[in-house]
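Just so we're aligned, residue 1 is where the sequence shown starts under the UniProt record's numbering, counting upward by one. Ideal placement from N, C-alpha and C gives every residue a C-beta, glycine not left out. The model shown is predicted, which means the values in this text are computed figures rather than measured ones.
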Amino acid sequence: MQALNEEKQIEKTIQNLLYLEPPAHEVIVIDGGSTDRTVQLAHAAGATVLQSGKGRAVQMNHGALHAAGDILCFLHADSTPPRGLVAAVRRALADRRVVLGGFRTVIEGQDRPLLFMTVHQYLKTYYLPLLLRPLSFFRGARCLFGDQTLFCRASDFQRVGGFDGSLPIMEDADLGIRMHEAGPQPPLPAVQQEDTRRSRRQSLLSGVKHWTRRRGQVVMVNSPHARTSGRRLQAWGNAHATAVHFILGMSWYLGATPDQMRRLYARLYTDSFR
């Protein structure tokens with residue numbers, strides 16, 4: 001879990017993680033330089049606390065590097081995973097074709113769920129790849145974001161180099177695309193018993209394999225669902241939040257450089273939740 005100045009949220013989130021059934025192997029908080037009591041409260045709540053540079057991608061990569069388990073789960077400090085998180089993740093990853101997953105997430109306001117944003121987030125998991133990368137969509141690509149409690153095998157995460165640390169935002173969608181394209185890990189090789197003729201045939205087919213090789217499946221778990229805070233979205237309103245996310249998402253998709261994304265992020269995210 002990456003955190004920055006989350007003293008109001010951190011204890012509750014850690015307690016939720018410590019009471020998962022079955023339990024998680026470990027709970028790691030990666031602090032990006034908090035100036036409040038986040039670090040002290042996280043320690044007291046029972047989490048392992050690491051320090052890293054600021055930035056969601058940088059912090060999560062640092063945590064993944066130090067995690068001991070063979071499955072990684074990335075959580076925002078203001079999100080609440082389902083109590084059956086561990087079992088749900090194991091079920092999803094039992095399918096070797098699945099390389100990345102996340103949860104259907106209810107976005108909560110101060111006194112009620114934010115219905116429009118909850119439904120919109122659910123739909124854009126599907127419609128974004130369908131509209132922008134239709135071939136990838138039909139081969140298993142989905143667009144997942146960090147507040148959906150992402151999970152994957154540590155080996156698959158390491159194979160693609162983790163999150164892109166140069167991105168200030170959209171690092172989650174970027175990871176999903178790269179893991180989809182990398183595909184599932186191939187099975188362990190059998191003992192080599194190929195003759196010259198078979199080797200020649202495989203060489204001739206190598207170009208075909210490049211275009212027909214299997215892509216990884218990115219999935220959303222619908223039940224159980226996760227919850228996340230809509231503190232920023234509620235303050236912005238539906239129209240403002242949708243416009244901000246559209247501008248950032250399309251800028252990333254159309255090839256904006258990390259520096260351009262960073263400037264755009266600083267200009268659009270002007271609230272205290274950055």
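Span separating the alpha-carbon of residue i from that of residue j
i    : j    : result
A24  : H76  : 16 Å
Y253 : V58  : 21 Å
G161 : L175 : 9 Å
V98  : M179 : 10 Å
T72  : P134 : The displayed chain sequence assigns Leu, not Thr, to residue 72. When rounded, the distance between both Cα atoms is 28 Å.
Paired residues, beta bridge with residue i - DSSP
i    : result
V221 : F103
H76  : Q2
A239 : Its beta-bridge partners do not exist; DSSP assigns none.
T48  : I28
E108 : P113 and S229
As assigned by DSSP and simplified to three states, the class of residue i
i    : result
I30  : strand
T257 : coil
I14  : helix
P134 : helix
A141 : coil
T228 : strand
Proximity to residue i [Cα-Cα], best of the options
i           : options                   : result
F145        : R139, K124 and D156       : K124
N16         : A141, S79 and G216        : S79
M60         : L268, D147, H240 and Q2   : Q2
K8          : T242, S229 and E181       : S229
L18         : L4, G33, M261 and P81     : P81
residue 286 : V119, T118 and P186       : This structure cannot speak to residue 286, because the chain is shown only from 1 to 274.
Q110        : R159, Q234, A239 and P258 : Q234
D172        : A241, Q158, F74 and A226  : F74
R96         : M261, G183, L4 and Q260   : G183
T48         : R56, V27 and G32          : V27
A45         : L20, G69 and E11          : E11
**Report entry** the stretch 34-46 touching the stretch 82-93, judged by at least three CB pairs closer than 8 Å
**Finding:** Too few Cβ pairs lie closer than 8 Å, so no.
Query raised in the report: Should the stretch 133-145 be called in touch with the stretch 216-226, which here means at least 3 C-beta pairs below 8 Å?
Result: Yes, the stretch 133-145 is in contact with the stretch 216-226.
Requested in this report: Flag this pair as touching only if the stretch 61-75 and the stretch 147-160 have three or more C-beta atom pairs under 8 Å; answer yes or no.
Outcome: Because the criterion of three Cβ pairs below 8 Å is met, the stretch 61-75 and the stretch 147-160 touch.
Query raised in the report: Using 8 Å as the threshold, is the stretch 50-57 in touch with the stretch 102-121, meaning 3 or more CB pairs across them?
Result: No, because fewer than three Cβ pairs between the stretch 50-57 and the stretch 102-121 fall closer than 8 Å, the two stretches do not touch.
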